[in-house]
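The numbering of the sequence shown is our numbering, which starts it at 1 and goes up by one. Have a look at the structure below before the remarks.
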Amino acid sequence: MKWIAAVLVLAVSASCYVASSGAEDDARKVATPAPAASGQAARGVDPDRVMSVRACLGCHGAETLSWMNSTHRNSHLRLRDSNAGSYAEELGIAQDKIRESRICMRCHATGQTDRHGVVRALTGVSCESCHGASGGDDGWLNAHAVYGPNGTTFEQESAEHRNWRRERCEEAGMVQASQIYDMAKRCLECHLVENEALVNAGHGIGIPLEFLGQTTGEMRHNFHEDQYVNAKGPTLWSRRTGGKVNVRDRQKFVVGLLTEIETSLRAFSQVKQESYYSSCLVERAAGGWGLLAEAGRKLKDDFPEQLAEVVEWLGKIENLNASDENSRRQAADWADVVGKLAREYAAGDGASLEAFDAVLGELAAPVGKPFERK
1 MKWIAAVLVL AVSASCYVAS SGAEDDARKV ATPAPAASGQ AARGVDPDRV
51 MSVRACLGCH GAETLSWMNS THRNSHLRLR DSNAGSYAEE LGIAQDKIRE
101 SRICMRCHAT GQTDRHGVVR ALTGVSCESC HGASGGDDGW LNAHAVYGPN
151 GTTFEQESAE HRNWRRERCE EAGMVQASQI YDMAKRCLEC HLVENEALVN
201 AGHGIGIPLE FLGQTTGEMR HNFHEDQYVN AKGPTLWSRR TGGKVNVRDR
251 QKFVVGLLTE IETSLRAFSQ VKQESYYSSC LVERAAGGWG LLAEAGRKLK
301 DDFPEQLAEV VEWLGKIENL NASDENSRRQ AADWADVVGK LAREYAAGDG
351 ASLEAFDAVL GELAAPVGKP FERK
């Protein structure tokens, strides 16, 4: 089996992940394009379809309490920081328009269109920021919890109706907990800042996302079966499929790392020249690669061959150069391969990743403490 025994040691600058100032500012301003009017700025949920937390509260009371005690709930307060003002100035956003800017709102709040047609920032990053806007005649809000004619229970739902319901919700943009790859991608829409102008202005690119650890700590909110017990895995998913949490965890760890690498490389492939932003993207990709390589070092011959091959050829990540077209093309090719593998592992049964059970406790510690309802 081929794989790299030694983990690449990078001089990763913490300034890529958090805001800072000083001598580095001038370097960041090199090759800073104008802010995106669409694309980067327009990503996120459709504010016309956002229903707000109140639409979820009736059936998901404990989940809402969990959110109210989370970091996500107060993320909009960051828009009042002095740093937010300096970023806005660099991007040409008026100081009194920061909370209305889609660039800022999409990751620090939940945008909702009011009755006057104006998009307003709701409190924090809430349910629909992660699971998708739910409203509209063809939205997923009502469809996702209707199991058949009036009175039909979860256990009584027919296979035909379940397939219709799942397809309807997916078409409407719902991201469900069972969709490991799609959920990781949704997290990375904000936890990896793909806005070159914003990052070059000094905004952190985001702390590297180890998906399993991030979603088993403070973010865990599995109360559907029992509103007083925060289960270790999605309870309806477990009841419907018989799925085991430990199997799901190994999938989340591997798929999360692969998705982190894929997303970083994909963004890098679209950059046209070297800048602070491009270097941060390389560091993010290398960070995900490094943790995957560390797992390989620990598992030795039990490390899956497909992943060993990925670790081997991704050892060249640090040589990427955004000013070189061939280098950008290489990053795009790598992203294609890694993304395909991530989707395959997400859709699989997790059996080929069983060896990871032995190292998850060391490599994927929960971030924060899960909410406990008292």
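For each residue, glycine too, the CB sits at the ideal point set by N, CA and C.
{"Item": "Given Val125, which residues of its chain have a CB within under 6 angstroms of its CB, disregarding the five upstream and five downstream residues?", "Value": "His72, Ser75"}
{"Item": "If I follow the unbroken alpha helix (DSSP H) through His119, where does it start and stop?", "Value": "The residue asked about is misnamed: residue 119 is Val in this sequence, not His. No alpha helix (DSSP H) holds Val119; the beta strand (DSSP E) holding it covers 119 to 122."}
{"Item": "With DSSP collapsed to three states, give me the class of Gly290.", "Value": "helix"}
{"Item": "Within its chain, find whatever has a CB closer than 7 angstroms to the CB of Ser158; leave out the 5 residues flanking it on each side and keep chain order.", "Value": "Gly148"}
{"Item": "State yes or no: is the C-beta of Val311 within less than 7 angstroms of the C-beta of Gly296?", "Value": "yes"}
{"Item": "For Pro304, which residues of its own chain have a beta-carbon under 6 angstroms away from its beta-carbon, when the five flanking residues on both sides are left out?", "Value": "Ser352"}
{"Item": "Leaving out the 5 sequence neighbours to the left and right, which residues in its chain are closer than 6 angstroms to Ala41 when beta-carbon positions are compared?", "Value": "Its pLDDT being 34, under 50, Ala41 is placed unreliably in this model, and the value from its coordinates should be taken loosely. If we look at Ala41 and ignore the five residues flanking it on each side, its Cβ neighbours are Arg102, Ile103."}
{"Item": "Return the Cβ separation of Val247 and Ala133 in integer angstroms, given the expectation that the two are a contact with Cβ distance under 8 angstroms.", "Value": "Not confirmed; about 31 angstroms, so no contact."}
{"Item": "Using a Cβ-Cβ cutoff of less than 8 angstroms, which residues in the same chain neighbour Gly85 once the five nearest sequence positions on both sides are dropped?", "Value": "Gln95, Ile98"}
{"Item": "If we ignore side chains and look at the alpha-carbon of each, how far apart do His161 and Ala145 end up?", "Value": "12 angstroms"}
{"Item": "Check whether the Cβ atoms of Val255 and Ile207 sit closer than 7 angstroms, and answer yes or no.", "Value": "no"}
{"Item": "Rounded to the nearest angstrom, how far is the Cβ of Ala335 from that of Glu262, given a contact under 8 angstroms?", "Value": "5 angstroms"}
{"Item": "Along the alpha helix (DSSP H) that carries Gln251, what are the first and last residues, could you check?", "Value": "245 to 269"}
{"Item": "Buried or exposed for Gly92, going by 16 or more other Cβ atoms inside 10 Å?", "Value": "exposed"}
{"Item": "Where does the unbroken beta strand (DSSP E) through Gln330 begin, and where does it stop?", "Value": "Counting along the chain, Gln330 falls outside any beta strand (DSSP E), though it belongs to the alpha helix (DSSP H) covering 325 to 347."}
{"Item": "Let me check understanding here. Comparing Cα to Cα, which of Ala365, Gly213, Cys280 lies closest to Glu196?", "Value": "Cys280"}
{"Item": "Between Ala293, Gln176, Glu100, Thr123, which lies nearest to Asn69 when the distance is taken from Cα to Cα?", "Value": "Thr123"}
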